[in-house]
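Peer 1:
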Amino acid sequence: MEQYIPSKLLSNAVDQFAKLPGVGRRTALRLVLELLKRDENSVTAFANSITELKQNIRTCKICGNLSDSETCSICTNHSRNHSLVCVVENVRDIIAIEQTGTYRGTYHVLGGLISPMDGIGPSELNISSLTQRIEQGGIDEIIFALSANMEGDTTCFYLSRLISGKGIKISQIARGVAFGGDLEYTDEITLSRSIENRTEYGGSL
Ligand SMILES: [Zn+2]
0 MEQYIPSKLL SNAVDQFAKL PGVGRRTALR LVLELLKRDE NSVTAFANSI
50 TELKQNIRTC KICGNLSDSE TCSICTNHSR NHSLVCVVEN VRDIIAIEQT
100 GTYRGTYHVL GGLISPMDGI GPSELNISSL TQRIEQGGID EIIFALSANM
150 EGDTTCFYLS RLISGKGIKI SQIARGVAFG GDLEYTDEIT LSRSIENRTE
200 YGGSL
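For the record, in the sequence shown the residue sitting at position 4 is 3 according to numbering that gives the first Met the number 0, with numbers rising by one throughout.
(1) With a 10 Å radius around its C-beta and 16 neighbouring C-beta atoms as the bar for buried, classify residue 88 as buried or exposed.
(2) Return yes when the Cβ of residue 65 is within less than 8 Å of the Cβ of residue 86, no when it is not.
(3) Taking DSSP's pairing of strands, which residues face residue 140 in a bridge?
(4) So does residue 155 have its beta carbon nearer than 7 Å to some heavy atom of ligand 1?
(5) What does a CB cutoff of less than 7 Å around residue 79 pick up in its chain, not counting 5 residues either side in sequence?
(6) Who are the near neighbours of residue 84 in its chain, counting only those whose CB is closer than 6 Å to its CB and skipping five residues on each side?
(7) Would the C-beta of residue 64 count as close to ligand 1, meaning under 7 Å from any of its heavy atoms?
(8) Residue 186 and residue 144 look like a contact to me (Cβ under 8 Å); what is the Cβ gap, rounded to whole Å?
(9) Since residue 26 is in the alpha helix (DSSP H), which residue starts that stretch and which ends it?
(10) DSSP three-state call for residue 198: helix, strand or coil?
(11) Give the secondary structure of residue 78 by DSSP, where H, G and I count as helix, E and B as strand, and everything else as coil.
(12) Could you tell me which residues DSSP pairs with residue 65 in its beta bridges?
(13) Of the choices 20, 21, 32, 161, whose alpha-carbon is the least far from that of residue 4?
(14) Tell me which same chain residues have a C-beta within less than 7 Å of the C-beta of residue 81, skipping the five on either side of it?
(15) If you reduce the DSSP assignment to three classes, tell me which class residue 114 lands in.
(16) Give me whichever residues DSSP pairs with residue 105 in a beta bridge.
(17) Between the Cα of residue 111 and those of 123, 101, 100, spot the shortest distance and give me the residue it belongs to.
(18) Ligand 3 and residue 74: does any heavy atom of the ligand fall closer than 7 Å to the residue's C-beta?
(19) By Cβ distance, which residues of its chain are closer than 6 Å to residue 129, with the 5 residues on each side in sequence left out?
(20) In chain order, what residues of the same chain lie with their CB nearer than 6 Å to the CB of residue 101, ignoring the 5 residues before and after it?
(21) How about residue 162 and residue 126: are their beta carbons less than 8 Å apart?
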């Protein structure tokens, strides 16, 4: 049965919330009614945070992490080990690894994985900036922390061919543990161990 909504304004807001992944119309209505209960300042702050986010957030020009400025808080942090680069699929993976509190290197966000089936080739990904970082020197080790599936394996293989012969150690987070696809679903201890127990990349498909 179609949801009864007494106001067009209410209905517009519900439509917007319901577009978010995992938010059904009933949840959307509950959230909108909840917002309506708040005072105007609070609702304005809510709306502004979203507008400002979209207008001002940047992508770090070095690693592809999200940032408020040209370079992210990890790339500009001098206490991080800049000779160590962990290659991840997306920013959520950085957040998951940072949550472990044990990794002290830097990152490189690819923005996806090579997937010929979906028409995603190396040129669609943030790979040229990784090549640039390598050319600039100072990197001793690159760690692949990508999904243990065909796309992840293909991407690791492609990158390893790009990196090899440059005197950089290539390793891969331990695969003995169940990743269940995305790093963000792995618990912190498991993820922390899989980085510590990383192995040298085998280099085959
Ligand atoms: Zn960065």
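Glycine residues also receive a C-beta, built at the ideal position from the N, C-alpha and C atoms. Because the structure is a prediction, the values reported are computed rather than measured.
Peer 2: Considering the structure as presented:
(1) buried
(2) no
(3) 83, 168
(4) no
(5) 73, 103, 104, 105
(6) Excluding positions up to five away in sequence, the list reads 105, 107, 138, 141.
(7) yes
(8) Not really, about 15 Å apart at Cβ, beyond 8 Å.
(9) 24-36
(10) The answer is strand: DSSP assigns residue 198 an E or B state.
(11) coil
(12) 58
(13) 32
(14) Cβ-Cβ distances below 7 Å link residue 81 to 105, 137 in the same chain, with the five nearest sequence neighbours on each side left out; the list follows chain order.
(15) strand
(16) For residue 105, which the question treats as bridged, DSSP gives the partners 84.
(17) When each option's Cα is compared against that of residue 111, the closest is 123.
(18) Ligand 3 is not part of this structure, which contains only ligand 1.
(19) 107
(20) 191
(21) no
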